[in-house]
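*Asks:* If you want this note's numbering, it's the 1-based position in the sequence shown plus 22.
Ideal Cβ placement from N, Cα and C applies to all residues, glycine included.
It should be emphasised that the depicted structure is a prediction, and the values quoted were computed from it without experimental measurement.
To start, I am sharing the structure in question, which I have written as structure tokens.
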Amino acid sequence: MLWVENLTGGYGPVQVVQGLSFEVAAGEVVVILGANGSGKTTTLRTISGMIHGRGTVTFDGTSLLGKRPDQIVRMGIAHVPQGRGTITDLTVEENLRLGAYVRADREVEEDIEQWCAVFPRLGERRDQPAGSMSGGEQQMLAIARALMSKPKLLLLDEPSLGLAPLVTREVFEKLESINRETGAAVLVVEQNAGLALGISSRGYVLETGQIVAQGSSEELSTDEAVRQAYLGY
Ligand SMILES: Nc1ncnc2c1ncn2[C@@H]1O[C@H](COP(=O)(O)OP(=O)(O)O)[C@@H](O)[C@H]1O
Ligand SMILES: [Mg+2]
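In structure tokens:
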């Protein structure tokens, strides 16, 4: 479904991403592991049209490069940015409504109810400012907001960042059940390899803007170098 070949991109003259090739099939959960500064965020921003990229990026056979972020959302890709990107002054419900800005159908209200049921904490706090919630709750809100655009592919930028291990586990469990129940594919970039490898079928390892290893999540979890660098044992 998502096909990336020889992608380069960066900021001004600085090429951060240097010839990446990877793919995500419909319904699949794929992880890209990489240390701080390896180019994970830049890669996702290039796919969602926030920065200029070169190479080939196709989604359902249509080229994404050169399209605006809102066009890409309309095509079915939702991006949960690093640091969540929730609008802290707006309420939970207003944030969810924002996630549906590309939709013209009348089922937005039903979907707000649906995601408030899937994430009960959001339901309990729907009239409170997003900024009053904990980091984990805001991460759940960012995911629910992305789901409000009814994506076929969810891009997640380090959902574990700044969260306690128990909360991170909860976030990944939700992602797993959302993938199972909605069929949306998930591309997650992480430094926290353990949980990400647990819910994904395949993965890639990114180092200084290049893919240096790839394989099934099972293979990657038993790879010596991956274990030392990303699993910490
Ligand atoms: N807005 C920016 N302008 C210039 N350089 C940037 C910008 N954002 C990130 N970089 C640089 O790009 C490299 C990769 O960053 P990033 O994609 O954020 O990595 P990661 O998400 O894996 O931590 C880093 O060297 C970083 O300093
Ligand atoms: Mg990043």
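1) Quick check on glutamine 161: buried or exposed, where buried means 16 or more other Cβ atoms within 10 Å of its Cβ?
2) For the candidate residues Ser171, Gly184, Arg167 and Phe141, whose alpha-carbon lies nearest to that of glycine 157?
3) Kindly list the residues whose CB is nearer than 6 Å to the CB of serine 238, restricted to its own chain and excluding five residues on each side of it in sequence; keep chain order.
4) Please classify aspartate 179 as buried or exposed, where buried requires at least 16 neighbouring CB atoms within 10 angstroms.
5) Relative to the C-alpha of arginine 76, which residue among Thr64, Ala186 and Gly59 is closest?
6) Report the CB separation of isoleucine 221 from proline 173 in whole angstroms; it is logged as a contact under 8 Å.
7) Taking the alpha-carbon positions, what's the arginine 148 to glycine 61 distance?
8) Could you name the residues, in chain order, whose CB is less than 6 Å away from a heavy atom belonging to ligand 1?
9) Leaving out five residues on either side along the sequence, give the residues of the same chain with a beta carbon under 8 Å from the beta carbon of aspartate 82.
10) What's the gap between the Cα of glycine 56 and the Cα of leucine 176?
*Replies:* Taking the coordinates as given:
1) buried
2) Gly184
3) Arg224
4) buried
5) Thr64
6) At roughly 17 Å, the Cβ-Cβ gap does not stay under 8 Å, so isoleucine 221 and proline 173 are not in contact.
7) 35 Å
8) Tyr33, Val36, Val38, Gly56, Asn58, Gly59, Ser60, Gly61, Lys62, Thr63 and Thr64
9) Met23, Met97, Gly98 and Lys174
10) 18 Å
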